[in-house]
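To keep things clear, I will list the structure first and then write my remarks on it.
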Amino acid sequence: MKLNEALAINNSRKTGGPRKLHYLACSFEPLHLTTLFRAHLVQRLPEDDVEVVSGVYGDLQGNLALAAESQAVAAAVVLEWSDVDPRLGLRSSGGWSAAAKTDIVATVQQRFERLEAVIGRLAARMPVALAAPSLSLPPIGNTIRAQQSVLELELHQQLASFLLRLAKIPGVRIVHPVPADATEKRLDPKMELLAGFPYTVPFASALAASLVSVLWQAAPKKGLITDLDDTLWSGIVGEAGIDGVTWHQESHTQTHGLYQQMLGHLAACGVLLAVCSKNELATVESALARKDLFLESNSLFPVCANWEPKSKSIARILRAWNIAEDAVVFIDDSPMELEEVQQAFPGITCIRFSGKDPAKVWDLLGELRDLFGKPLLMEEDRLRQASLRASAELQEMGEAAASPEFLQGLQGTVTLDWRLDPADKRPLELINKTNQFNLNGKRIGEGEWQQLLAKPDTLLAVVSYTDKFGPLGKVAVLAGSLQDRVIRVSHWVMSCRAFSRRLEHHTLQGLLSRFPAATELEFDFAATEKNGPLREFFRSLEASPDGAGLVRISRAAFESQCGLLPHQVKDLT
Amino acid sequence: MNDDIKERVTRCFVNIFPNIPPQEIPRASTASLAAWDSVAHVTLLSSIGEEFDQQFELEDYADLVSYPLIVDHLESKLKNG
C-alpha cells in the first residue's frame, strides 16, 4: 500500500460504527507507520470507527505504560535495536568503541527484562502484537557484512530469549519477520535523520499489514475433510491394492507423505479430520490401518467411503461434527469432485491437491497453517476429537440418549467457575466461534473482553463438563450482570460438543443458586441464521422474546420447567 | 503542466488536511495553517514525493513551507528532468 492510498483510505473510512482504539507503541516517530497501520485496520475492520494513538518520541517503556492505561482494544508494539540501546541507532553519538560495545552487551539483558515486565502488564489488558527489530544492527561487527560477528550473535541470542519469554505470556503475539521479497530496502536513513522515522514506506506498509493480520486474525477453520486416492496417498487403492499406494521419498511420492504429516500436526492441534472417498469401505479401512501411515488413523473420524456423490458423504460428516460448513476445508485432487462439493456447500473452502507438483503442495501446507492457525492452543483443543466421538455416539442413540436414566448413567460432573480470570482465553474463544447455541451471535474483541471483565458488576460462569466418556473441558460461557434483582445475560454460548446433556439447565440453575436475591433472568437475545438450538431451548421453557428482543424467565417459571437435573455440580469461586 | 502540478499537489494537501476548505489550499503555509505542524510537513512532502516520484533533499524540507513554494519547486524540478 502506498502512502497516498493509505491517506485516502483513512479519509474515506466510515465513522459512527463501534469505536476501536488501537495503541501503536514504539520509541521512534511513528509518522507513516501510524497512517499505514490505520489504513490496514480500516480495510480489516470496515464497519468500525478505527483510531490509532501513539505516545511520545523516545520513550518506549513509558508508551507501553500509557497503552496499558488507555481505552485501546489492542496494541501494536514495534521494537528496534535503538530501543534496546540508543547507541544501536542512527541518531545517537554514543560511540562504538570497544568499551561501548562491551557495555551494550552487558546492559541489553536488563533492558529486555524491564520491557518484558511492562509488556506483560499491557497484555493483561489487551492483545499485543509485537514486532521484533526489523532493521540491521549498525556496522559494528569486526567482520565483513557477509559474516556474523560474535557481538551480533550475542545480541541476537538475547533478543531470541526475550521473544521466547514474551511468546509464553497469554495475549502477546510475536509477529513473524516481514518477508524480504516485497521490502528490499527497510531502512530510510534520510527519513530517520530528518524526522526520526526509520522505515521506507513499502516496508512500513508490509509491517503494518503484518501487525493487523496478527491482531485481527480470521476465525480458524475447525475441520478438514480429505480425499484418499492421489491425495492422502499416491495411487488408486481399489486398483493398486492396500500395499500398492505410496507416500514415501523412496517411491518419489513424498508430497503425499508431507501432506499426511501436516494432517497429523493439525490433528495434534485439535483440528477435526475426516475422510471422504469414493471407494469400498473395507478396502479403505485396511489401507488406513497400515502402520507406516504418518498420522494416527483414529484421528480420522468419520471415514466415509462409498460410491455416492461426495457432497452426500460431506453432509454426513458435517452432521457428525455438528459444525457449520464455513468452518470446514475439503481437499481433493479432482477438480470435478471439488466443483460438485462447492456447489452443494458454497461455504466450504475447497482446495485442490496437486501431488505431482511439490511447490504447490508446499504452498498448500502453508495455506493450511493460515487457515487453521490460532494464537494459543488450549486444553480443549486436545480433547476435541475424543469428545466429538462421544457426541456422535450420543447422536446415534437418538432419543434414548435424552432419557433421564441414560443421562444419570453418564456420571457427569458440571463445574461452574465464577472467577473473572483475564488470563483465561477460552471463554472469549467460545464466544467468538460458537454459532448454534449462541444467545445473539455478538462477537467481541480481546480488549473489549478485558474491559468487560474489569467492570465491577460483571458476572461470569465458565462451564466445564466431564463424564465416564472423558472430559469435554470448558464448553459453555455465560456473561452478564446482576442489576436490581435481575440477572441480565449479555453473552451465552455452549459448544455443540456439549449438546444433549442438559448443561444449559445446569447453568441457569447454578446461576440462580449463586444469586439467591435474583428473581428474574433477562437475556439479550437476537435470532441469527444459526442459533436454532438456543431458540429451541427457550421454547422448551415457554419463553419468547419481547418487542425489544429480550427474553425474560422468572425464577419460579424456570424452577417449574427445569425438573431434576442429572449431573453433580461443583462451584469454583 | 502548471495546472496539472497544482491539481496533484492540491490532492495531496486535501489528503493531509481534509478539514480545510479547498479554496484556502493555494494560500496555505506553515505560518497560516495551524494543522501544518512538523509531522504534517514530513507527511505532506512524502505524499507529494510519492505522487510525483520525486525525492526531496534534506534542505528542501526546511525550504518548502508553503503551497506556492512547493508548486514552484516541482515545476522547476520536473522541467529540468
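Chain order of the listed sequences is A and B.
As numbered in numbering that gives the first Met the number 0, residues 0 to 572 make up the first sequence, in order.
As numbered in numbering that gives the first Met the number 0, residues 0 to 80 make up the second sequence, in order.
Virtual Cβ for every residue (Gly too), placed ideally from N, Cα, C.
The structure presented is a predicted model; accordingly, all values stated were derived computationally and were not measured.
1. Verify whether the separation of the beta carbon atoms of VAL107/A and ASP84/A is less than 9 Å.
2. Assuming contact is defined by CB atoms lying nearer than 9 Å, are ASN439/A and THR527/A in contact in what I supplied?
3. Is the separation between the beta-carbon of ILE47/B and that of ILE69/B shorter than 9 Å?
4. Tell me whether TYR258/A sits in a helix, a strand or coil according to DSSP, three-state version.
5. For VAL22/A, name the three-state secondary structure that DSSP assigns.
6. Counting only beta-carbon separations shorter than 9 Å, does PRO17/B have a partner in chain A?
7. For THR9/B and chain A, any beta-carbon pair shorter than 9 Å?
8. At 4 residues or longer, and completely inside the region 94-123 of chain A: list those alpha helix (DSSP H) runs for me, N to C.
9. One question on the structure: do PHE371/A and PRO126/A come within less than 9 Å of each other, judged by their Cβ atoms?
10. Give the C-beta separation of LEU78/A and ALA116/A to the nearest angstrom, bearing in mind that I take them to be a contact with Cβ-Cβ under 8 Å.
11. Are LEU287/A and VAL270/A closer than 9 Å when you measure CB to CB?
12. Run down chain B in chain order and give the residues with a C-beta less than 7 Å from the C-beta of THR199/A.
13. Name the two residues that bound the continuous beta strand (DSSP E) containing GLY479/A.
14. At a cut of 8 Å, does the region 525-541 of chain A reach the region 468-485 of chain A through at least three beta carbon pairs?
15. From ASN437/A to SER209/A, what does the alpha carbon distance come to, in whole angstroms?
16. Distance check for PHE352/A and ALA547/A, CA to CA, integer angstroms please.
17. Okay, do the region 451-462 of chain A and the region 478-485 of chain A touch, 3+ Cβ pairs below 8 Å being the bar?
18. Can a CB atom of chain A be found closer than 9 Å to the CB of TYR66/B?
19. Sorted by chain position, which residues of the same chain lie with C-beta nearer than 6 Å to TRP232/A's C-beta, five sequence neighbours on each side aside?
20. What are the partner residues of MET493/A, as DSSP defines its beta bridges?
21. Would the beta-carbon of ASP570/A fall within 9 Å of that of ARG513/A?
22. Just checking: is the beta-carbon of LYS569/A within a distance shorter than 9 Å of some beta-carbon in chain B?
23. What's the gap between the Cα of HIS21/A and the Cα of VAL171/A?
24. Alpha carbon to alpha carbon, how far is LEU387/A from TYR464/A?
25. Does chain A have any CB closer than 9 Å to the CB of THR29/B?
26. Express the C-alpha separation of ALA71/A and LEU73/B in angstroms, rounding to a whole number.
27. In the structure shown, what three-state DSSP assignment does GLN342/A receive?
28. Using a beta-carbon distance cut-off of less than 8 Å, what residues from the region 37-48 of chain B approach chain A?
29. Considering only DSSP beta bridges, list what SER553/A is partnered with.
30. Give, in chain order, every residue of the region 10-23 of chain A whose Cβ lies closer than 8 Å to some Cβ of chain B.
31. May I ask you to list the residues that DSSP assigns as paired with VAL568/A?
32. Run through DSSP, which three-state label would SER402/A get?
33. Tell whether a beta-carbon distance below 9 Å holds between GLN482/A and CYS561/A.
34. Report the residue from SER81/A, PRO426/A, LEU6/A and ALA73/A whose alpha carbon sits nearest the alpha carbon of GLN60/A.
35. Is there a C-beta anywhere in chain A that falls below 9 Å from the one on ASN14/B?
36. For a contact defined as C-beta to C-beta under 8 Å, what are the partners of ALA207/A on chain B?
Short version:
1. ASP84/A sits close to VAL107/A, with the two beta carbons spaced by under 9 Å.
2. In terms of Cβ geometry, ASN439/A and THR527/A form a close pair [threshold 9 Å].
3. Yes, these two residues count as a Cβ contact at 9 Å.
4. DSSP places TYR258/A in helix when its eight states are reduced to three.
5. Note that residue 22/A is Tyr in the sequence shown here, rather than Val. Here DSSP, grouped into helix, strand and coil, assigns TYR22/A to strand.
6. Interface criterion met: the Cβ of PRO17/B is under 9 Å from a Cβ in chain A.
7. Output row for THR9/B: interface = no.
8. Here the runs fully enclosed are 97-122.
9. The beta carbons of PHE371/A and PRO126/A sit no closer together than 9 Å.
10. Between LEU78/A and ALA116/A, the beta carbon gap of about 15 Å keeps them out of contact (Cβ cut-off 8 Å).
11. Not a contact, by the Cβ cut-off of 9 Å.
12. Under the 7 Å cutoff, chain B gives no residues; its nearest Cβ is about 11 Å from THR199/A.
13. That run of the beta strand (DSSP E) goes 469-482.
14. Touching, no, given that fewer than three Cβ pairs across the two stretches are closer than 8 Å.
15. Computed Cα separation, rounded: 31 Å.
16. Going by C-alpha positions, ALA547/A is about 50 Å away from PHE352/A.
17. A contact exists between the region 451-462 of chain A and the region 478-485 of chain A.
18. Cβ-Cβ to chain A under 9 Å: no for TYR66/B.
19. Within the same chain, TRP232/A has close Cβ partners VAL244, TRP246 and HIS255.
20. In the DSSP output, where bridge partners are listed per residue, MET493/A has PHE436/A and ALA475/A.
21. Between ASP570/A and ARG513/A, the gap from beta carbon to beta carbon is short of 9 Å.
22. No - not a single Cβ of chain B is within 9 Å of the one on LYS569/A.
23. Our two residues, HIS21/A and VAL171/A, have alpha carbons roughly 15 Å apart in a direct line.
24. One C-alpha to the other measures close to 14 Å.
25. It does not; no Cβ of chain A falls within 9 Å.
26. Looking at the two C-alpha atoms, the distance is approximately 41 Å.
27. For GLN342/A, the three-state secondary structure derived from DSSP is helix.
28. Identification of residues in the region 37-48 of chain B having a C-beta nearer than 8 Å to some C-beta of chain A yields SER37, VAL38, VAL41, THR42, SER45 and SER46, given in sequence order.
29. Within the DSSP bridge table, the entry for SER553/A names GLU519/A as partners.
30. Residues of the region 10-23 of chain A whose Cβ lies closer than 8 Å to any Cβ of chain B, in chain order: ASN10.
31. VAL413/A.
32. Correct three-state label for SER402/A: coil.
33. Against a cut-off of 9 Å, the Cβ pair of CYS561/A and GLN482/A comes out as no contact.
34. Cα-wise, what sits closest to GLN60/A is SER81/A.
35. Judged by the 9 Å Cβ criterion, ASN14/B is in contact with chain A.
36. Under the 8 Å cutoff, chain B gives no residues; its nearest Cβ is about 15 Å from ALA207/A.
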